[in-house]
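> From first to last, the protein sequence lines are chains W and Y.
Residues in the first sequence are numbered consecutively from 1, following my numbering.
Residues in the second sequence are numbered consecutively from 190, following my numbering.
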Amino acid sequence: MLEADLLEADMEREADNVVHEAKPADSSGMTERRRTFLERWPSALMGFGLVAGYGMFASFIGQFLFPSRKKQHASQYVADLQSFAHGQSMTYVSPAGERVVVTRVAETGAVEDFIALSSVCPHLGCQVHWESQNNRFFCPCHNGAFDPEGNPIAGPPQEANQALPRYQLHVENGLLFIDASTERLVKLA
Amino acid sequence: MSRIADWFQERLPVSGVQLAELTNEPVPNHLRRWWWCLGGTPAYLFVVQIVTGILLAFYYQAAPETAYQSVQRITEEISFGWYLRSVHKWAATLMIAAIILHQMRVYFTAAYRKPREINWMVGMCLLLTTLVIGFTGYSLVFEQLSYWGATVAANICDTVPYVGVYAKQLLLAGETYNENTVSRFYILHAAVLPATLIMLLVIHIGILRLQGVTELHFEDEPEDGPQHFDFFPDHLYTEVIAGLVLMILLSVLATLFPATMGPQADPLTTPEIIKPEWFFYATFRWLKLFSGTVAVLSMGFIVFIMFVWPFIDAWLVRVTRNEDVSFWIGIVGVFLLVGLTTWEALVAH
Numbered sequence: 001m002l003e004a005d006l007l008e009a010d011m012e013r014e015a016d017n018v019v020h021e022a023k024p025a026d027s028s029g030m031t032e033r034r035r036t037f038l039e040r041w042p043s044a045l046m047g048f049g050l051v052a053g054y055g056m057f058a059s060f061i062g063q064f065l066f067p068s069r070k071k072q073h074a075s076q077y078v079a080d081l082q083s084f085a086h087g088q089s090m091t092y093v094s095p096a097g098e099r100v101v102v103t104r105v106a107e108t109g110a111v112e113d114f115i116a117l118s119s120v121c122p123h124l125g126c127q128v129h130w131e132s133q134n135n136r137f138f139c140p141c142h143n144g145a146f147d148p149e150g151n152p153i154a155g156p157p158q159e160a161n162q163a164l165p166r167y168q169l170h171v172e173n174g175l176l177f178i179d180a181s182t183e184r185l186v187k188l189a
Numbered sequence: 190m191s192r193i194a195d196w197f198q199e200r201l202p203v204s205g206v207q208l209a210e211l212t213n214e215p216v217p218n219h220l221r222r223w224w225w226c227l228g229g230t231p232a233y234l235f236v237v238q239i240v241t242g243i244l245l246a247f248y249y250q251a252a253p254e255t256a257y258q259s260v261q262r263i264t265e266e267i268s269f270g271w272y273l274r275s276v277h278k279w280a281a282t283l284m285i286a287a288i289i290l291h292q293m294r295v296y297f298t299a300a301y302r303k304p305r306e307i308n309w310m311v312g313m314c315l316l317l318t319t320l321v322i323g324f325t326g327y328s329l330v331f332e333q334l335s336y337w338g339a340t341v342a343a344n345i346c347d348t349v350p351y352v353g354v355y356a357k358q359l360l361l362a363g364e365t366y367n368e369n370t371v372s373r374f375y376i377l378h379a380a381v382l383p384a385t386l387i388m389l390l391v392i393h394i395g396i397l398r399l400q401g402v403t404e405l406h407f408e409d410e411p412e413d414g415p416q417h418f419d420f421f422p423d424h425l426y427t428e429v430i431a432g433l434v435l436m437i438l439l440s441v442l443a444t445l446f447p448a449t450m451g452p453q454a455d456p457l458t459t460p461e462i463i464k465p466e467w468f469f470y471a472t473f474r475w476l477k478l479f480s481g482t483v484a485v486l487s488m489g490f491i492v493f494i495m496f497v498w499p500f501i502d503a504w505l506v507r508v509t510r511n512e513d514v515s516f517w518i519g520i521v522g523v524f525l526l527v528g529l530t531t532w533e534a535l536v537a538h
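1. Under the three-state reduction of DSSP, which class applies to Y/F446: helix, strand or coil?
2. Would the beta-carbon of Y/P253 fall within 8 Å of that of Y/V381?
3. From the DSSP output, which residues share a beta bridge with W/A79?
4. Please name the residues in the region 474-487 of chain Y whose beta-carbon is closer than 9 Å to at least one beta-carbon of chain W, in chain order.
5. Less than 8 Å between the C-beta atoms of Y/A384 and Y/G323, yes or no?
6. Tell me which residue opens and which closes the beta strand (DSSP E) that W/A145 is part of.
7. Can you tell me where the alpha helix (DSSP H) with Y/E210 in it begins and where it stops?
8. With 7 Å as the C-beta to C-beta threshold (strictly closer), list the residues of the region 96-116 of chain W near chain Y in chain order.
9. Would you list the one or two residues that DSSP bridges to W/E131?
10. For Y/L476, which three-state DSSP category applies?
11. Rounded to whole angstroms, what's the CA-CA distance from Y/V276 to Y/T241? Just pull it up for me.
12. Pick out whichever of Y/A232, Y/W279, Y/L244 and Y/E428 has its Cα sitting closest to the Cα of Y/V441.
13. Run down chain W in chain order and give the residues with a C-beta less than 9 Å from the C-beta of Y/Q358.
14. Helix, strand or coil for Y/D423? Go by DSSP, reduced to three states.
15. Based on the DSSP output, what are the partners of W/T103 in its beta bridges?
16. If you drop the 5 nearest sequence neighbours on each side, which residues of the same chain put their C-beta closer than 7 Å to that of Y/T318?
17. What is the rounded straight-line gap between the Cα of Y/F500 and the Cα of W/Y54?
18. Please classify Y/E533: is it buried, with 16 or more other beta-carbons within 10 angstroms of its beta-carbon, or exposed?
19. Report buried or exposed for Y/N308, applying the criterion of at least 16 other Cβ atoms within 10 angstroms of its Cβ.
20. Can you tell me whether Y/K357 is buried or exposed, with buried defined as 16 or more other CB within 10 angstroms of its CB?
21. Contact check, W/A154 vs Y/S480 under 8 Å by CB: the rounded distance?
22. If you drop the 5 nearest sequence neighbours on each side, which residues of the same chain put their C-beta closer than 7 Å to that of Y/M310?
23. Decide if W/D80 is buried, meaning its Cβ has at least 16 other Cβ atoms within 10 Å, or exposed.
24. If we define contact as Cβ-Cβ less than 8 Å, is W/F177 a contact residue for chain Y?
25. To be precise: take each residue of the region 114-147 of chain W, compare its Cβ to all Cβ atoms of chain Y, and keep it if any distance is under 7 Å. Which residues remain?
26. Given that W/A155 touches chain Y, what residues does it touch there, using C-beta distances under 8 Å?
27. Along chain W, in chain order, which residues have C-beta atoms closer than 9 Å to that of Y/I345?
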């Protein structure tokens, strides 16, 4: 496609040259209007060819540099409701290695009983950790802090009102499932 | 001997005399002062970076599985690997320090004023390019701090409205740090950005040669003496001496404080104490003081103000009828920069 465009541009350039060479032949009766028309169109076509050709090349580069890859998600088993008491919390580790803190905050038996907090700080993506002595999640990067339900209580997340992200949960036949990523992004040796 | 010279002269018709005249521009006397070597210093250090960088590239492997191990191999096994890596690291440190000092010198002597506004902006581009080279290079080691530094930096891009998300994807090759990220940092660090830097440097020095160096006169200089000296060989000798002193300094620093390695990157644990490289301490502290978007946009605004300062300065001088307004604003700026950097250096969080 690109080569074809360039070839086209080449041919137009040749055509352009022919027109210029034909210039001395003015006296043979070519009108002023017709000459401008003939001079402009090849340039316009050549410009179009160049923009189309290199534009397509640029768009290929753009797509090459922005790989479109969807994260693979799957529904995964976390726990059964019977053994997960009100007030209890557990750390679930997804196949991708993401740490998710799942807490039961009510006892209705519905999915609303549970909150699943991501450990990725909503400020700039560092991993938060639980500080039991302060009863909070703490992000060491920029001193962000969150209460046990993931609401921001200090640092930049509080100023921007960014809570810890929550994972989608659902309950099926008395079992709790989570929607989490399945692929490990950075493989280490 | 002259036959050889003639042979070349016939094939390369370049006159040595003309070449000498062309390059031998008169240099103002104040350049004899050492403070005026600060522009040449980063250029010299950049050459050191190219040489040591090419050598390190012989062994470095840009992939998450191998990056850390290959740096470890360079540091611990390859002959003089520790030395070259340490020189590369220290030359980067000194290069950034020298650029900052050079910029301060230009600022406080108001050398950016008309007609040198464009070269000030080219200089700003050089500063930013150097900082990004420093950042991408640091990320290549793939240790804990450099991994989390890169994650934070990519998410900083993300907080910029509209375009930020694309900048982040361009930097990381995806939504998050992934298996293609290190090779992307590598190609930016070792090819794209150095080539950009060379082009900017050619423009920077080209404009400098076109306009000539800003003329400054000091009170202790005789009024009636010669006001200029020759670039060649006088000024070149000064630069050669500066280069030798830098080489000794680099070797001493590399030997006494060699580049070390922290623990390998772990995408699942952010270390308890996290710091970027020293030249980002001020921005890092800034990020802790405000919410993400406010901090990032205000930093962008400050960089923009620095870019267009020659025009703001001209406006300030016109409005206040005081030549020294920029000087005092600069003093405040330097105190702020040093203050934020020291604050970040002294505390854990």
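Backbone N, C-alpha and C define an ideal beta-carbon position, used for all residues, glycine too.
Quick answer:
1. It is coil, neither helix nor strand.
2. The answer is no: Cβ separation not under 8 Å.
3. Assignment of beta-bridge partners to W/A79 by DSSP yields W/L176.
4. The region 474-487 of chain Y vs chain W, Cβ under 9 Å: L476, K477, L478, F479, S480, G481, T482, V483 and A484.
5. It is not a contact, given that the beta carbons lie outside the stated cut-off.
6. Where W/A145 is concerned, the enclosing beta strand (DSSP E) starts and stops at G144 to F146.
7. Element bounds for Y/E210: G205 to T212.
8. Answer in chain order: G97 and R99.
9. Per DSSP, W/R136.
10. Note: Y/L476 maps to helix in three-state DSSP.
11. Approximately 7 Å between the Cα atoms of the pair.
12. With distances taken between CA atoms, Y/V441 lies nearest to Y/W279 out of Y/A232, Y/W279, Y/L244 and Y/E428.
13. For Y/Q358, the C-beta contacts it makes with chain W under 9 Å involve L65, F66 and P67, in order along the chain.
14. Under the three-state reduction of DSSP, Y/D423 is assigned to helix.
15. Residue pairing of W/T103 in beta bridges, as defined by DSSP: W/S89 and W/I115.
16. If we look at Y/T318 and ignore the five residues flanking it on each side, its Cβ neighbours are L382, T385, L386 and L389.
17. Answer to the nearest angstrom: the Cα atoms are 37 Å apart.
18. Per the 10 Å Cβ criterion, buried.
19. Burial call: buried.
20. Buried, because 16 or more other Cβ atoms sit within 10 Å of the Cβ of Y/K357.
21. Not confirmed; about 12 Å, so no contact.
22. If we look at Y/M310 and ignore the five residues flanking it on each side, its Cβ neighbours are F496.
23. W/D80 counts as exposed, since fewer than 16 other C-beta atoms from the protein chains shown sit within 10 angstroms of its C-beta.
24. Chain Y contact via Cβ: absent.
25. Residues H123, L124, G125, C126, Q127, P140, C141, H142 and N143.
26. In the sequence under discussion, the amino acid at residue 155 of chain W is Gly, which differs from the Ala named in the question. Against chain Y, the beta carbon of W/G155 has neighbours under 8 Å at K477, listed in chain order.
27. Here the neighbours are L124.
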